[in-house]
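Peer 1:
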Amino acid sequence: MNVTKLKENRAAYLFLTTGCVCLLIGMGMGLFVALKFLFPLLGEYPLFSFGRIRQAHTNLVMFAFLLQVDIGIMLYIIPRLLHTKLFSEKLGVATWAVYNVAVGAGVIRILMGINQGIEYAEIAPPFNYMIVLAWVMLLVNIMATILRRTVRSFYVSVWYVVGALLWTAVVYITGSILTQYTTGLNQANLSWFYVHNAVGLVFTPCGLAAAYYLIPKVLNTPIYSHKLSLIGFWVIAFTYCWTGAHHMIHGPNSYWLETVAILFSWSLIIPVMAVVTNFLGTYATAPRATRFKTAESKLLFTGTIYYLLTCLQGPFQAIRTVNTVVSKTDWVVAHAHMALLGAFGLIAMAGAYYIIPRIVKRPLYSPRLANIHFWMTFVGLLTFMFPMYVSGPMQGLAWLNIERTFLEILAEQRWVWMIRMHSGALILLAQTLFFYNLWETLYGKSYFMKPIEEKVA
Amino acid sequence: MQLLTERNIAILAVGAFGIFSVGVFCTTVLPRFVDRELMDPKPNMRPYTEQEARGRKVYLAEGCVYCHTQQIRHLKSDQKRYGWRLVDAPPSKGWEYAYDNPHFIGTKRTGPDLGRVGGKYSSEWHWSHFKNPRDLGEKFRNLPESKMQQASIMPSYAYLSDEQIKDLTAYIQTLGRNVNWRKDKDGQLLNDYEE
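In order, the protein sequence lines correspond to chains A and B. Counting from 1, position 450 in the first sequence corresponds to residue 701 in my numbering; the numbering is continuous, with no gaps. Counting from 1, position 164 in the second sequence corresponds to residue 165 in my numbering; the numbering is continuous, with no gaps.
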């Protein structure tokens, strides 16, 4: 590769494709975790011990897949929305290299037993510092692109990208670096600030930026309401970061901080409803015949619905009485998967389907296969999460009854782990189709197909 | 309607960052000052010994926190379930974690809470349990044939060295011991640290 002449969109292409490869690895780790619930003696080596594989799974799907694909989408949509070229493709490719070395090496070290012990921020120095470096490089690249724009005003996606770039920097540095200089309850506060905002102020703005771009594009319909976009953005910017303490309700934290977190959890309904109304309004105004035709539009719609559901669950889980039952149970696992895979994972997949063919200027190998991928993922997700939404409260209520031993309750959970393992396997199988489809698009027969013309944004 | 934030990158960035930082300040910086009482160590607490600190490192590397929380919540069910011989476990207080870095408070209970497990089982019991978690020994001594004997899904830690298991056990035995809560049958407080 001649580095002096990098092709346009090179950085976005690398981020997107690497992200899709990492999706398979990360979900494979997830399946391994699910199997360990059924067969605890499986893979009895230090390297594959449950505690380590579980961290590898969360870090790979969050940073190597989701954030990586989100960065790829960001690098593709920002130049288009601002009618300019990316400030520096070289810087973008360098960012990709630094980021992937950091995440890859960080995960390998986790498997070796070196981690920071802060949930979602397990990647230990020096690699967490490298992730910060990569993020600063990305920030410089995007900000410089914004400064050389040829249009005057910003579309919604640009607000979310700017927000994501700034908020992520603070959230990640707090969770991954500042926690190391604190102890005990103070550290717990910082770490739950991080855990919550990793979803709320990293993946949410990245995912919404992508969806605000993709939904109107895919449906060929303008966004439903500008005012709702404004409300959604500014309210989320203010309210999201207050809610960290709702992870420790009834716990050792101070009562006032819990109450603040619960109240702000409820206020989150405002921006979420604004965003979801806006997306669904766009769907409602799109031509009926083409509304759900492509896999992209189905993925984006399902993502929107799961975003709504997961963000309604959040406030309810934060109520003290509800929390008494569902907290610490399998319900939480389903909730986390609904947010990260159901909502933002599906939006990221839609982005990959939409953008990768446009970068290589070839049509997607098989829209039919993409539809099959969607339906398999959809069924897999439903049968993955909803059994846990039944078993979680069952488990929680059983724990409240002190006549019953912990082991009895544990043994009763086996049926749900069995279902979860199978539906997880179905989701993973669907992703291999996704991967195959993209592989064929990039390297297969469609290499010789007619190039598609790209409409200007 | 178009706001200035939609045209000027500096105003957008400063605005988005500014209103975000209010919440950051109030939930991460402020509690450190308001709840100082809750977060600082009490004078009668001691930091971890070298062996216990090594044990914490094993606990950290193996990711025990992903299945075991360390918090007795302010719920009767938690206090009774994780109590000892009909004595309720007192709820965990913030200051009890003051020497923990990283903290292992946790959010998921695949296994039972360990917030007050210190001193409840003998170190020999922990030894055999780490080697083979399906061996629950004295817990089911009246029911050796019970199927619950095999129900645990905890991974086996037979791959840890004997030294590591000893260190880990030393750490486990400290959990929840900053409060002296277990009583013997005459109602006298026990403080039976195993040396």
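Every residue, glycine too, gets a C-beta built ideally from N, C-alpha and C. In this text the structure is predicted, and so the values were computed from the model without any measurement.
1) With respect to the alpha helix (DSSP H) encompassing residue 169 of chain B, which residues constitute its N-terminal and C-terminal limits?
2) Could you name each continuous beta strand (DSSP E) segment of 3 residues or more that falls completely within the segment 266-304 of chain A, going from the start of the chain to the end?
3) Only counting the same chain, and skipping five residues up and downstream in sequence, which positions put a Cβ closer than 7 angstroms to that of residue 623 of chain A?
4) DSSP state of residue 707 of chain A, grouped into three classes?
5) For residue 196 of chain B, does the count of other Cβ atoms within 10 angstroms reach 16, so buried, or fall short, so exposed?
6) Could one say the Cβ of residue 711 of chain A lies closer than 7 angstroms to chain B's Cβ atoms, at least one of them?
7) Helix or strand or just coil, what does DSSP make of residue 190 of chain B?
8) For residue 336 of chain A, does the three-state DSSP call read helix, strand or coil?
9) From residue 435 of chain A to residue 99 of chain B, what distance separates their C-alpha atoms?
10) From the beta carbon of residue 18 of chain B, is the nearest beta carbon of chain A less than 7 angstroms away?
11) Among A/509, A/668, A/322, which has the Cα closest to the Cα of residue 642 of chain A?
12) Using a C-beta cutoff of 7 angstroms, does residue 185 of chain B count as contacting chain A?
13) I'd like to know whether the C-beta of residue 196 of chain B is nearer than 7 angstroms to at least one C-beta of chain A.
14) Do you know offhand how far residue 472 of chain A's Cα is from residue 401 of chain A's?
15) Take the Cβ of residue 182 of chain B as the centre, count every other Cβ of all protein chains shown within 10 Å, and call the residue buried at 16 or more, exposed below.
16) Quick one: give me the first and last residue of the alpha helix (DSSP H) that residue 457 of chain A is part of.
17) What residue ranges within the segment 463-551 of chain A form continuous alpha helix (DSSP H) runs of no fewer than 4 residues, ordered along the chain?
18) So residue 672 of chain A and residue 582 of chain A are supposed to be a Cβ contact under 8 angstroms. How far apart are they, rounded?
19) Counting beta carbon pairs with one atom in the segment 407-415 of chain A and one in the segment 342-349 of chain A, are three or more of them shorter than 8 angstroms?
20) Closest to residue 626 of chain A by C-alpha separation, out of A/329, A/548, A/662, would be which residue?
21) Cβ atoms of residue 173 of chain B and residue 116 of chain B: under 7 angstroms apart, would you say?
22) Return the residues of the segment 36-64 of chain B that lie within a Cβ-Cβ distance of less than 7 angstroms from chain A, sorted by chain order.
23) Residue 330 of chain A CB to nearest chain B CB: under 7 angstroms?
24) Helix, strand or coil for residue 182 of chain B per DSSP?
25) Taking only beta-carbon atoms, is residue 564 of chain A less than 7 angstroms away from chain B?
26) Using a beta-carbon distance below 7 angstroms, is residue 709 of chain A in contact with chain B?
27) Just grab the DSSP bridge partners of residue 88 of chain B for me.
28) By the 7 angstroms beta-carbon criterion, what residues does the segment 113-131 of chain B contribute toward chain A?
29) In or out: residue 507 of chain A buried (at least 16 other Cβ within 10 Å) or exposed?
30) Determine whether the Cβ of residue 414 of chain A lies closer than 7 angstroms to any Cβ atom of chain B.
31) Should residue 626 of chain A be flagged as near chain B, meaning a C-beta pair shorter than 7 angstroms?
32) Which residue wins for smallest C-alpha separation from residue 691 of chain A, given the options A/611, A/635, A/282?
33) Straight-line CA distance for residue 426 of chain A to residue 438 of chain A?
34) State buried or exposed for residue 186 of chain B, treating a residue as buried only when at least 16 other CB atoms are found within 10 Å of its CB.
35) Would you kindly work out how many angstroms separate the C-alpha atoms of residue 269 of chain A and residue 588 of chain A, rounded to a whole number?
36) Are the C-beta atoms of residue 172 of chain B and some chain A residue less than 7 angstroms apart?
Peer 2: Working from what's here:
1) Locating residue 169 of chain B in the second sequence gives position 168, where the first residue counts as 1. Here the alpha helix (DSSP H) through residue 169 of chain B covers 163-173.
2) Listed in chain order, nothing qualifies, since the segment 266-304 of chain A has no complete beta strand (DSSP E) run of 3 or more residues.
3) The residue given as residue 623 of chain A occupies position 372 in the first sequence. Within the same chain, residue 623 of chain A has close Cβ partners 684.
4) For this step, residue 707 of chain A is matched to residue 456 along the first sequence. Reliability of the predicted coordinates at residue 707 of chain A is poor, the pLDDT of 43 falling under 50, and the value obtained from them is presented with this limitation in mind. In the structure shown, residue 707 of chain A sits in coil (DSSP, three-state: anything other than H, G, I, E or B).
5) For the purposes of this step, residue 196 of chain B is taken as the residue at position 195 of the second sequence. Because the pLDDT at residue 196 of chain B is just 44, under 50, the model does not fix this residue reliably, and the point stays unresolved.
6) Because chain A is modelled from 252 through 708, residue 711 of chain A falls outside the range shown and cannot be assessed.
7) By 1-based counting over the second sequence, the position of residue 190 of chain B is 189. Residue state, collapsed to three classes: strand.
8) Counted from its first residue, the first sequence places residue 336 of chain A at position 85. Coil at residue 336 of chain A, not helix or strand.
9) To locate residue 435 of chain A, count along the first sequence from 1; it is residue 184. To locate residue 99 of chain B, count along the second sequence from 1; it is residue 98. Their backbone Cα atoms lie some 5 angstroms apart in a straight line.
10) Numbered from 1 along the second sequence, position 17 holds the residue referred to as residue 18 of chain B. Using beta-carbon distances, residue 18 of chain B counts as an interface residue toward chain A, with a partner under 7 angstroms.
11) Indexing the first sequence from 1 puts residue 642 of chain A at position 391. Out of A/509, A/668, A/322, A/668 has the C-alpha closest to the C-alpha of residue 642 of chain A.
12) Position 184 of the second sequence, counted from the first residue, corresponds to residue 185 of chain B. So, not an interface residue.
13) To locate residue 196 of chain B, count along the second sequence from 1; it is residue 195. For residue 196 of chain B, the predicted structure reports a pLDDT of 44, less than 50, and the residue's modelled location is therefore unreliable. A value from the coordinates is still provided. Residue 196 of chain B does not count as touching chain A.
14) For this step, residue 472 of chain A is matched to residue 221 along the first sequence. For this step, residue 401 of chain A is matched to residue 150 along the first sequence. One C-alpha to the other measures close to 23 angstroms.
15) Start at 1 with the first residue of the second sequence, and residue 182 of chain B comes out as number 181. Buried is the call here.
16) For the purposes of this step, residue 457 of chain A is taken as the residue at position 206 of the first sequence. Its alpha helix (DSSP H) spans residues 455-470.
17) 477-490, 506-518, 520-536
18) Start at 1 with the first residue of the first sequence, and residue 672 of chain A comes out as number 421. Start at 1 with the first residue of the first sequence, and residue 582 of chain A comes out as number 331. With a Cβ gap of about 18 angstroms, residue 672 of chain A and residue 582 of chain A do not count as contacting.
19) No, they do not touch.
20) The count along the first sequence starts at 1 and reaches residue 626 of chain A at position 375. The residue with the shortest Cα to Cα distance from residue 626 of chain A is A/548.
21) Stepping through the second sequence from its first residue, residue 116 of chain B is reached at position 115. Stepping through the second sequence from its first residue, residue 173 of chain B is reached at position 172. No, the pair does not count as a contact, with Cβ atoms beyond the cut-off.
22) 36, 39, 40, 61, 62, 63, 64
23) Here residue 330 of chain A refers to the residue found at position 79 of the first sequence. Chain B contact via Cβ: absent.
24) The residue you call residue 182 of chain B lines up with position 181 of the second sequence. Coil, per DSSP.
25) Locating residue 564 of chain A in the first sequence gives position 313, where the first residue counts as 1. For residue 564 of chain A, the answer is no, since every Cβ of chain B falls outside 7 angstroms of its Cβ.
26) Because chain A is modelled from 252 through 708, residue 709 of chain A falls outside the range shown and cannot be assessed.
27) Translated into the one-based positions of the second sequence, residue 88 of chain B becomes position 87. DSSP lists B/85 as the beta-bridge partner residues of residue 88 of chain B.
28) Along the segment 113-131 of chain B, the positions whose C-beta sits under 7 angstroms from a C-beta of chain A are 113, read in chain order.
29) Taking the first residue of the first sequence as position 1, residue 507 of chain A is located at position 256. Answer is exposed; the Cβ neighbour count stays below 16.
30) Counting from 1 along the first sequence, the entry for residue 414 of chain A is found at position 163. Chain B contact via Cβ: present.
31) Position 375 of the first sequence, counted from the first residue, corresponds to residue 626 of chain A. Chain B has no Cβ within less than 7 angstroms of the Cβ of residue 626 of chain A.
32) Stepping through the first sequence from its first residue, residue 691 of chain A is reached at position 440. Nearest option by C-alpha distance: A/611.
33) Mapped onto the first sequence, residue 426 of chain A falls at position 175. Mapped onto the first sequence, residue 438 of chain A falls at position 187. So the two alpha carbons sit approximately 9 angstroms from each other.
34) Looking up residue 186 of chain B in the second sequence gives position 185. Per the 10 Å Cβ criterion, exposed.
35) As a position in the first sequence, residue 269 of chain A is number 18, starting the count at 1. As a position in the first sequence, residue 588 of chain A is number 337, starting the count at 1. C-alpha separation (whole angstroms): 21 angstroms.
36) In the second sequence, residue 172 of chain B corresponds to position 171, counting from 1. Not one chain A Cβ lies under 7 angstroms of residue 172 of chain B.
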